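**Student:** All you need for the numbering used here is the position in the sequence shown, starting with 1, plus 347. Built from N, CA and C at the ideal position, the CB exists for glycine as well. As the structure is a computational prediction, the values presented were derived from the model and not from experiment.
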Amino acid sequence: MIPVPSGVRIWIATGHTDMRRGMRSLALQVQQSFGRDPFAGDLYIFRGRRGDLCKIIWHDGVGMSLYAKRLERGKYIWPSAVDGVIAISPSQMACMLEAIDWRNPQATWRPTLAG
Numbered sequence: 348m349i350p351v352p353s354g355v356r357i358w359i360a361t362g363h364t365d366m367r368r369g370m371r372s373l374a375l376q377v378q379q380s381f382g383r384d385p386f387a388g389d390l391y392i393f394r395g396r397r398g399d400l401c402k403i404i405w406h407d408g409v410g411m412s413l414y415a416k417r418l419e420r421g422k423y424i425w426p427s428a429v430d431g432v433i434a435i436s437p438s439q440m441a442c443m444l445e446a447i448d449w450r451n452p453q454a455t456w457r458p459t460l461a462g
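1. When burial is assigned at 16 or more other CB atoms within 10 Å of the CB, is ILE385 buried or exposed?
2. Using only the alpha-carbon positions, how far apart do HIS363 and LEU460 sit?
3. With contact counted as at least three CB pairs below 8 Å, one residue from each stretch, are the stretch 367-386 and the stretch 397-411 in contact?
4. Cutting at 6 Å between CB atoms, please list the residues of its own chain near TRP425, excluding the five before and the five after it.
5. Which residues does DSSP list as the beta-bridge partners of HIS468?
6. Could you check where the alpha helix (DSSP H) with LEU375 kicks off and where it finishes?
7. Residues bridged to ARG417 by DSSP?
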């Protein structure tokens, strides 16, 4: 899990991205396609075409980091907006990275009796 400092905005790139691209290509996409500064300290999350791989780029003020996660089963729940990027909260990102439907998380079990 990526420790997200307070004040950092998290952006999901809508649609899918060619995951053969490296960190520089993703940063260039943030700059050119989304009109945002990839070095401003925000997190940008990209999803592959099959939906089971995501990559996150983040510049922490010292250098650019690239994180990748592939799901063994299932696909990431992804928004479908046309603006290019959507802001989400750190808790929504945590749910998404665990393949939980971050738009409507549901508790899977709750005790019925105390004792």
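**Tutor:** In terms of the structure at hand:
1. It is worth fixing the name first, because residue 385 is Pro in this sequence and not Ile. The residue in question, PRO385, is buried, as its Cβ has 16 or more Cβ neighbours within 10 Å.
2. Each residue's Cα considered, the two are about 45 Å apart.
3. A contact exists between the stretch 367-386 and the stretch 397-411.
4. These residues qualify, in order along the chain: ARG394.
5. Residue 468 lies beyond the range of the chain shown here (348 to 462); nothing can be said about it.
6. Here the alpha helix (DSSP H) through LEU375 covers 370-380.
7. LEU400, per the DSSP bridge assignment.
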